[in-house]
Amino acid sequence: MFKYFKEIIKYTGVIFFLILLVMPTMAGLNPAGQRALAVFVLVLTLWVSHVLPLSVTSLLGIALLPLLNVMSIEYTFSLFGSKAIFFILGALILASGLYQTGLGSRLAFKIISFSGKSPLKLLYGILFTAAFLSLIMPEHAVAALLFPIVLEIAVSLDLKRLESNYGKLLFLTMAWGTVIGGITTYLGGARNLLAVGLLEKHYGISIGFFEWIKYSWPLPFLLLIIFAVIIAKFAEIDIDDTSRSLEKLKSKSEARGNFSKAEKKLILILAAVVFSWLFLSNLINIAVTSLLGGVLVVAFNVVDWQKVESYVNWGVILMYGGAVVVASSLVETGVTDWMAARFFSQLELAPFLFIVLLAVFTSILTEGVSNVASVAVILPVAYSAAEAYSLNPILLTLSVALSGGLAFLLPMGTPPNAIAFSSGYYQIKDALKWGLLLKVIGWVIYILVARFYWPLIGLEIFI
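Taking the UniProt record's numbering, the leading residue of the sequence shown gets 1, the next gets one more, and so forth.
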């Protein structure tokens, strides 16, 4: 059935691509913007249908933009130098250190020991660990730390890539745990800080760290609990227990004996990297720290570069880089502004319904455009549209920022998804199966929080 779905999606994308190229420019949109939209539609449908490898589709998108005179070739290629791309690259090099030195298997052994022989408890351990760590550090940094440990667990269980349901669950749980946890505080994602900054810039209103948590906590808390229930009740766990993995990892750890010099050096490097992520991110961008960590593990002979080359999934780097370039073309040519303004200007709705659709629109946009860009584009438009309704700008800010974190569908939606996808254990269709359900549940929880909880604690819809 999915085969026919792929064909339908593919041809639909190609048809809309050609139509957008030849039809007159739509009102309010410039010609370059319409061509950028055409490229985005084509690339998105090819990503979803998986007709071409994801990395090849991204390269196609990069090539089409200068070919169709959307942007200059120099500027198009420069957009590949995104902070997120180099963060992922540095993180994967660091992860290879955990894998090569055996430190990852030691940590994996500890995690499995706590969960006993239960596959479900192991999934819960990964889910709640990822969510908790994302309260105190950036979500993509958490994914980078957990990835090699989860990979070690998957390998020790002899899980076959793309075949094992449990293998898929391990990496989706890791990614979505970080995404859900990252909604809760400032520290989980840059979009939260950006939203607060825009609120202060436009209205002179600031939201404190704990005040943000007071407003945000019901959404991630309830979403996490419901996701845990879904895993227990509906997920197809195709292994009986994790004792085989426990024995393998235990024997590996015992065979290695005491920590090696390479492991000790790696621990020091990781400690410095995590310290910088936590406390120095205002001075040193986390992408720079990630790259420096990657350089250090090679410079101090913690890892062998040839093995790093075989470990890193370079296709994911190309995929995410292409996604950034194509998404940036929408921002640069004004397509995202046009979409947001056109969407909201046509609405003559009850104020609460406007807020709900604002959140839904943001969470959909963030699957194809980075959540930071989504917040940067939508919030100013929302502020302007809300003046007619006299809506509370704090509520609008929270609605956009929190919903902008609900990225569960595509690996290009957020770095944790891209890092998890680089494992090769699942395809986009697997993420769509559970991610779409999780996204809809997130919308429902958001509606309940905005309608009942926020007014209860004094955050009213109207100012």
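By construction, the Cβ of each residue, glycine as well, lies at the ideal position given by its N, Cα and C atoms. Just so we're clear, the structure is a prediction, and the values are computed from it rather than from any experiment.
Consult DSSP for residue i and reduce its assignment to one of helix, strand or coil.
i      : result
Leu391 : strand
Phe408 : coil
Phe462 : strand
Ala235 : coil
Phe259 : coil
Leu280 : coil
Glu332 : helix
Leu268 : helix
Thr397 : helix
Ser82  : coil
Gly307 : One detail in the question is off: residue 307 reads as Lys in this sequence, not Gly. Three-state result, Lys307: helix.
Pro66  : helix
Pro24  : coil
His50  : coil
Ser55  : helix
Gly90  : helix
Ala38  : helix
Thr45  : helix
Val207 : First, the amino acid is wrong: residue 207 is Ile here, not Val. Ile207 falls in the coil class under three-state DSSP.
Ile225 : helix
Glu367 : coil
Gly102 : coil
Ser118 : coil
Asp337 : helix
Leu290 : One detail in the question is off: residue 290 reads as Ser in this sequence, not Leu. Helix, per DSSP.
Ser384 : helix
Ser72  : coil
Thr12  : helix
Ala108 : helix
Val312 : coil
Thr242 : coil
Ala359 : helix
Val297 : helix
Leu29  : coil
Exposed or buried, residue i, counting other C-beta atoms within 10 Å across all chains shown (16 or more means buried)?
i      : result
Asn282 : exposed
Leu67  : exposed
Thr12  : exposed
Ser72  : exposed
Leu248 : Contrary to the premise, residue 248 reads as Lys rather than Leu in this sequence. It is buried - the Cβ of Lys248 has at least 16 other Cβ atoms within 10 Å.
Arg161 : exposed
Asn301 : exposed
Ser403 : buried
Val22  : exposed
Ala386 : buried
Pro220 : buried
Asn69  : exposed
Phe279 : exposed
Ala232 : exposed
Ile19  : exposed
Trp314 : exposed
Lys439 : buried
Ser156 : buried
Rounded to whole angstroms, how far is the Cβ of residue i from the Cβ of residue j, which I believe are closer than 8 Å?
i           : j      : result
Ser390      : Phe462 : 5 Å
Gly90       : Ala287 : 7 Å
residue 523 : Leu459 : Only positions 1 to 463 of the chain appear in this structure, which leaves residue 523 out of reach.
Ile207      : Leu198 : Contact flag wrong, Cβ pair sits at about 11 Å.
Ala359      : Tyr446 : 6 Å
Ser115      : Thr178 : Not quite, the Cβ-Cβ distance comes to about 19 Å (not below 8 Å), so this is no contact.
Leu107      : Ile136 : Rounded, the Cβ-Cβ distance is 18 Å, inconsistent with contact.
Leu292      : Phe86  : Not a contact, Cβ separation roughly 11 Å.
Asp238      : Asn165 : 5 Å
Ile112      : Met174 : In fact, because the Cβ distance is near 14 Å, the residues do not count as touching under 8 Å.
Ile9        : Val48  : 6 Å
Leu379      : Ala143 : Incorrect: roughly 26 Å between the Cβ atoms, too far for contact.
Asp241      : Lys117 : 4 Å
Leu318      : Val369 : Not really, about 18 Å apart at Cβ, beyond 8 Å.
Ala418      : Tyr311 : Rounded, the Cβ-Cβ distance is 16 Å, inconsistent with contact.
Pro415      : Ile88  : 6 Å
Say yes only if the C-beta of residue i is nearer than 7 Å to one or more non-hydrogen atoms of the ligand FMN, and no if none qualify.
i     : result
Leu94 : The ligand content of the structure shown is nil, which means the ligand FMN is not present either.
Measuring CB atoms only, is the stretch 203-220 touching the stretch 393-412, in the sense that at least three cross pairs come out at less than 8 Å? yes
Say whether the stretch 263-273 touches the stretch 183-197, bearing in mind that this needs 3 or more beta-carbon pairs closer than 8 Å, one atom from each stretch. no
Hey, which unbroken runs of the beta strand (DSSP E) at 3 residues or more fall wholly within the stretch 125-199? none
If we count Cβ pairs, one from each stretch, closer than 8 Å, do we get three or more for the stretch 298-308 versus the stretch 82-101? yes
Three Cβ pairs or more, each shorter than 8 Å: is that satisfied between the stretch 421-429 and the stretch 159-170? yes
May I ask you to verify whether the stretch 404-411 touches the stretch 68-80, counting CB pairs closer than 8 Å and requiring at least 3? no
Give a yes or no on contact between the stretch 320-338 and the stretch 24-37, applying the rule of three or more CB pairs nearer than 8 Å. yes
Whole runs of the alpha helix (DSSP H) within the stretch 402-449, excluding any shorter than 4 residues: 415-421, 428-448
State whether the stretch 46-59 contacts the stretch 252-260, with contact taken as three or more CB pairs (one from each stretch) at a distance under 8 Å. no
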